[in-house]
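Student: Mind having a look at this structure? Questions to follow.
2 protein chains.
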Amino acid sequence: MIRRRGTLFVVSAPSGAGKTTLCREVRLRVPDLAYSVSATTRAPRGGEQDGVDFHFLSEERFQDLRDRGEFAEWATVHGRFYGTLAKPLEAMLHEGRDVLLDIDTQGAAQLRRWYPEAVLVFIVAPSMAELEQRLRERRSDAEDDMTRRLRRAREEVALWRRYDYLVINRDVKAAVDQITAIVLAERCRTVRLSLRFPDLEVPD
Amino acid sequence: MIRRRGTLFVVSAPSGAGKTTLCREVRLRVPDLAYSVSATTRAPRGGEQDGVDFHFLSEERFQDLRDRGEFAEWATVHGRFYGTLAKPLEAMLHEGRDVLLDIDTQGAAQLRRWYPEAVLVFIVAPSMAELEQRLRERRSDAEDDMTRRLRRAREEVALWRRYDYLVINRDVKAAVDQITAIVLAERCRTVRLSLRFPDLEVPD
């Protein structure tokens, strides 16, 4: 029997676009979609659990893993490290499980290089004004971070053409519908089905 | 203002796969999806309305339109003509409307040549045994047609790799979910969005 390899769904966005909320909702809608928990050196925010939302690591531990080539992608965002451990990701894909990754734009670009068949989804806020408001509401950092965050978000929005899909997060329900549709549709793509139904020419 | 051109969704299947029922349900779920009414020389079946389900034409009228190049695609299926009139289809796409077409495999192959950007969806019954049962239940033709229909269906199933998406019609609800997901997902593809949001780089 040929076992189908899983598909990697990479959801990426400038901060403030709402991707973490959307990914949580999509996982509820598509329960067989595995989730790759990212590693980070930033401190947990309210309610975040180690091993569930992130693997919270010290800077030393992160750098050690990075130097040993354990990350499929890693990046520095606002002075903190973020990364995806390669081994658990590979194990899930090898088992044939589709995997959702919630990562920043630098990480998405690195993954595209290693996984050219990955499906890249970009989330944007409906406008820069809306994005600014969302970042101000979150405000877990010093106020003077805002200018830097907004400049970075503006640069990142310009990258949308490098992605396969664009979802404009005007409304959580509609955006979750769209990301869920992308997952269901990609599972029907004939280019991905060749291994799953190698004998489809003679279906009975 | 640049007006986006509509996307053409072509749903095709061997007869007995259930595509007409699925297309009707998908149109209820995606009300802004326009429908291209096919022309045919076959007689109406129970409840079918002229101009709604099909344009029912005499053989002479069909051949006249065909000879004048009015069809975007046409084919002979079980001795009857079927075709898509080019002008109304072009008008809908030009207005920016996404259009659903329910046509046979010969017509789908012709449309792919004229509309390389069309989205081709192939529907199959879960097995040849199931397909045979569905064809026998329908049985509007002489019993000895069955062998020919089944042979043709078997040849057509082998064409699945020429399509972008494959939907296995095990269950109407699940198959409609999948086709609807394909329509929603294709609307989010960045390659199709370039004209709709020419100014997305500077979103405010």
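As you go down the protein sequences, you meet chains A and B in turn. Positions in the first sequence are counted from 1; adding 99 to them yields this note's numbering. Positions in the second sequence are counted from 1; adding 99 to them yields this note's numbering. Glycine included, C-beta positions come from ideal geometry on N, C-alpha and C.
1. When the cut-off is 8 Å and only beta carbons count, does A/Y264 lie next to chain B?
2. At a CB-CB cut-off below 9 Å, which residues of chain A make contact with B/Q277?
3. Rounded to a whole number of angstroms, what is the C-alpha to C-alpha distance between B/G105 and A/L164?
4. Measure the alpha-carbon distance for A/L200 versus B/A217 and round it to whole angstroms.
5. Is the beta carbon of B/C287 sitting closer than 8 Å to the one on A/L265?
6. Check whether chain B comes within 8 Å of A/W259, counting only Cβ atoms and requiring the distance to be less than that.
7. Below 7 Å CB to CB, which residues in the same chain sit around A/Y214 once its five sequence neighbours on both sides are set aside?
8. For A/R235, which of A/R103, A/A112, A/A116 has the nearest alpha-carbon?
9. Starting from B/E172, trace the alpha helix (DSSP H) both ways and give me its first and last residue.
10. Indicate whether the contact test is met: 3 or more Cβ pairs, each with one atom in the stretch 186-202 of chain A and one in the stretch 135-153 of chain A, closer than 8 Å.
11. Against B/A280, what residues of chain A qualify as contacts under a CB-to-CB distance less than 7 Å, listed in chain order?
12. With a cut-off of 8 Å, does the C-beta of B/L292 fall near any C-beta of chain A?
13. Report back the beta-carbon spacing between B/V223 and B/V271 to the nearest angstrom; my notes put them in contact at under 8 Å.
14. Which one of A/A174, A/V151, A/D152 has the shortest CA to CA distance from A/F161?
15. Tell me, please, which residues DSSP counts as bridged to B/V110.
16. So, A/S111 versus A/L219, is the Cβ gap smaller than 8 Å?
17. Threshold first: 3 residues or longer. Then list the beta strand (DSSP E) segments lying entirely within the stretch 220-283 of chain A, N to C.
18. With distances taken from CA atoms, which of A/F180, A/D197, A/Y181 is nearest A/L188?
19. Can you tell me whether DSSP reads A/G150 as helix, strand or coil?
20. I'd like the list of long-range same chain contacts for A/H193, defined as Cβ closer than 6 Å, with 5 residues on each side in sequence excluded.
21. Are the C-beta of A/M100 and some C-beta of chain B separated by less than 8 Å?
22. Consult DSSP for B/T289 and reduce its assignment to one of helix, strand or coil.
23. Using beta-carbon positions only, say whether A/R306 and A/M227 come within less than 8 Å of one another.
Tutor: So, from the listed chains and residues:
1. yes
2. L283, A284, R286, C287
3. 49 Å
4. 30 Å
5. yes
6. yes
7. L107
8. A/A116
9. No alpha helix (DSSP H) contains B/E172, which is instead part of the beta strand (DSSP E) from 170-176.
10. yes
11. A280, L283, A284
12. yes
13. Between B/V271 and B/V223 the Cβ distance is about 14 Å, and since that is not below 8 Å, they are no contact.
14. A/A174
15. B/D201, B/V220
16. yes
17. 264-267
18. A/D197
19. coil
20. none
21. Because the pLDDT at A/M100 is just 47, under 50, the model does not fix this residue reliably, and the point stays unresolved.
22. helix
23. Past the edges of chain A, shown from 100 to 303, lies residue 306 of chain A, and the structure says nothing about it.
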